[in-house]
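Engineer: Start counting the sequence shown at -7; every next residue gets the next number (our numbering).
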Amino acid sequence: MARIYGSERRVLVTGGAGFLGSHLIDRLLDKGCEVVCVDNLFTGAKRNLYHLSGHPRFEFIRHDVTFPLYLEVDEIYNLACPASPIHYQHDPVATTKTSVHGAINMLGLAKRLRCKILQASTSEVYGDPAVHPQTEDYWGNVNPIGPRSCYDEGKRCAETLFFDYHRQHGLEIKVARIFNTYGPRMHPADGRVVSNFIMQALRGEPITIYGEGQQTRSFCYVDDLVDGLMRLMDTGPEITGPINIGNPGEFTMRQLADQVLALTGSMSPIEHRPLPPDDPRQRQPDITLATRVLGWTPKVSLAEGLKSTIDYFAGAYAS
Ligand SMILES: NC(=O)c1ccc[n+]([C@@H]2O[C@H](COP(=O)([O-])OP(=O)(O)OC[C@H]3O[C@@H](n4cnc5c(N)ncnc54)[C@H](O)[C@@H]3O)[C@@H](O)[C@H]2O)c1
-7 MARIYGSERR VLVTGGAGFL GSHLIDRLLD KGCEVVCVDN LFTGAKRNLY
43 HLSGHPRFEF IRHDVTFPLY LEVDEIYNLA CPASPIHYQH DPVATTKTSV
93 HGAINMLGLA KRLRCKILQA STSEVYGDPA VHPQTEDYWG NVNPIGPRSC
143 YDEGKRCAET LFFDYHRQHG LEIKVARIFN TYGPRMHPAD GRVVSNFIMQ
193 ALRGEPITIY GEGQQTRSFC YVDDLVDGLM RLMDTGPEIT GPINIGNPGE
243 FTMRQLADQV LALTGSMSPI EHRPLPPDDP RQRQPDITLA TRVLGWTPKV
293 SLAEGLKSTI DYFAGAYAS
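1) How about N188: is its Cβ closer than 6 Å to a heavy atom in ligand 1?
2) In this structure, does DSSP put A181 in helix, strand or coil?
3) For R54, report the span of its beta strand (DSSP E) as first-last.
4) Do V5 and I17 have their beta-carbon atoms positioned less than 7 Å apart in this structure?
5) Return the Cβ separation of G238 and S91 in integer angstroms, given the expectation that the two are a contact with Cβ distance under 8 Å.
6) Between D144 and the rest of its own chain, which residues show a CB-CB distance below 7 Å, the 5 nearest in sequence each way excluded?
7) Since V65 and V3 are thought to touch, with beta carbons under 8 Å apart, how far apart are those beta carbons, to the nearest angstrom?
8) Give the DSSP-derived three-state secondary structure of R159 in the structure shown.
9) Between L248, A37 and F211, which lies nearest to Q276 when the distance is taken from Cα to Cα?
10) Within its chain, find whatever has a CB closer than 8 Å to the CB of M(-7); leave out the 5 residues flanking it on each side and keep chain order.
11) Nearest by alpha-carbon distance to L267: which of E204, E151, F59 and E128 is it?
12) Is the CB-CB distance between E139 and Q207 below 7 Å?
13) Alpha helix (DSSP H) containing T58: first to last residue?
14) For the alpha helix (DSSP H) containing K108, name the first residue and the last one.
15) By DSSP's criteria, E171 is part of a beta bridge. Which residues make up the other side?
16) Once DSSP output is grouped into helix, strand and coil, what is the label at S319?
Okay, here's the thing in structure tokens:
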């Protein structure tokens, strides 16, 4: 529907009160967009948006994406979904519903509005990968019945829905496969490794490493990630993805713990715990496609990103 007032692009961000969504909203507002944030505050927090209260181009709607939504917007970023294992395993049925029903509702909205829609998918669609690093054409190695399946399979089904809406209804879709991202506004108790290590180091508690700490992860700083998502949204209709967005720099958990200890100056000891089931041994994005199609590469080093994340946690939470 054509709008009568205002020429700014009006953008819907679902999950906008969460870690990634709130940074994305900041950047969209900086670019002059109008932003509507839809969130049920399951893992997100109003605190992440306080600085926007009274902003003339920002609107918050408390809503659960598993229910239909009728709005007028020009673009949709679909980020709503708990992202950390502790949170998505808390109510696994709700997690699958959020991914699947949420995708159906947001795709239905995009179809009605004939607008672009971007899905925040995940490297978890690759499961415990047999191919390393992971390219977008790898189909994955996912356990369909394990404790992580509500998230992994929910996100895989959401990707299926996006591509079926694209093929069947000609919808303009963008699918980003996001790899581990960190930065300020991460939930302090979400059990994700970066926030865990930082909080433990700041409190002088033992740093818990699962297994021997030789499993690797790649860590992308939130500003780089948001830049990648916005570049993907700005591509033409021929670019659908899936496109990996992440930082290919690979670190073992032990190396990460050592960096956090060095940057915080903490004397926390290291404590080893048993590996959880289905924990991937290795995860590293191949970002050749993102570099070629989006002209994107991550810019922020792990040391720089950790420093600003530590500053945030030290200011916001450390007791
Ligand atoms: N952070 C990462 O490393 C990472 C990696 C891969 C994919 N992703 C994806 O990016 C998106 C954002 O992740 P994040 O790290 O910001 O997580 P987050 O938990 O901080 O944010 C998710 C947001 O979605 C909201 N939400 C959850 N269920 C909802 C529902 N039914 N209706 C409305 N809102 C709902 C939460 O309240 C929260 O604000 C997620 O879809 C996640 O799967 C994140």
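The beta carbon of each residue, even a glycine, is placed where N, CA and C say it ideally should be.
Structural biologist: In brief:
1) Counting from one through the sequence shown, the residue named residue 188 turns up at place 196. No, Cβ of N188 sits at least 6 Å from all heavy atoms of ligand 1.
2) To locate residue 181, count along the sequence shown from 1; it is residue 189. A181 falls in the coil class under three-state DSSP.
3) The residue labelled residue 54 in the question sits at position 62 within the sequence shown. Per DSSP, R54 belongs to the beta strand (DSSP E) from F50 to R54.
4) Residue numbering aside, residue 17 sits at position 25 when the sequence shown is read from its first letter. Residue numbering aside, residue 5 sits at position 13 when the sequence shown is read from its first letter. The criterion of a C-beta distance shorter than 7 Å is satisfied by I17 and V5.
5) Counting from one through the sequence shown, the residue named residue 238 turns up at place 246. Counting from one through the sequence shown, the residue named residue 91 turns up at place 99. Not quite, the Cβ-Cβ distance comes to about 19 Å (not below 8 Å), so this is no contact.
6) Here residue 144 is taken as the residue at index 152 of the sequence shown, counted from 1. Cβ neighbours of D144 beyond the five flanking positions: E116, V117, G119 and V134.
7) Here residue 65 refers to the residue found at position 73 when the sequence shown is read from its first residue. Here residue 3 refers to the residue found at position 11 when the sequence shown is read from its first residue. A Cβ-Cβ distance of about 6 Å is found for the pair V65 and V3, placing them in contact under the 8 Å criterion.
8) For the purposes of this step, residue 159 is taken as the residue at position 167 of the sequence shown. Of the three classes helix, strand and coil, the one that applies to R159 here is helix, per DSSP.
9) Counting from one through the sequence shown, the residue named residue 276 turns up at place 284. Selected option, being the one with the closest Cα: F211.
10) Residue numbering aside, residue -7 sits at position 1 when the sequence shown is read from its first letter. For M(-7), the predicted model reports a pLDDT of 49, less than 50, meaning its position is unreliable and no value from the coordinates is stated.
11) Translated into positions along the sequence shown, residue 267 becomes position 275. Of the candidates E204, E151, F59 and E128, the residue whose Cα lies closest to the Cα of L267 is E204.
12) Along the sequence shown, one-based indexing puts residue 139 at 147. Along the sequence shown, one-based indexing puts residue 207 at 215. The sequence shown places Pro at residue 139, not Glu. Result no, Cβ atoms of P139 and Q207 do not sit closer than 7 Å.
13) Position 66 of the sequence shown, counting from 1, holds the residue named residue 58. Per DSSP, T58 lies in no alpha helix (DSSP H) segment and is marked neither H nor E.
14) Stepping through the sequence shown from its first residue, residue 108 is reached at position 116. First-last for K108: K108 to T114, but that is the beta strand (DSSP E), not the alpha helix (DSSP H).
15) In the sequence shown, residue 171 corresponds to position 179, counting from 1. Checking the displayed sequence, the identity of residue 171 turns out to be Phe instead of Glu. According to DSSP, F171 bridges with nothing at all.
16) Since the first residue of the chain shown is -7 and the last is 311, residue 319 is not available in this structure.
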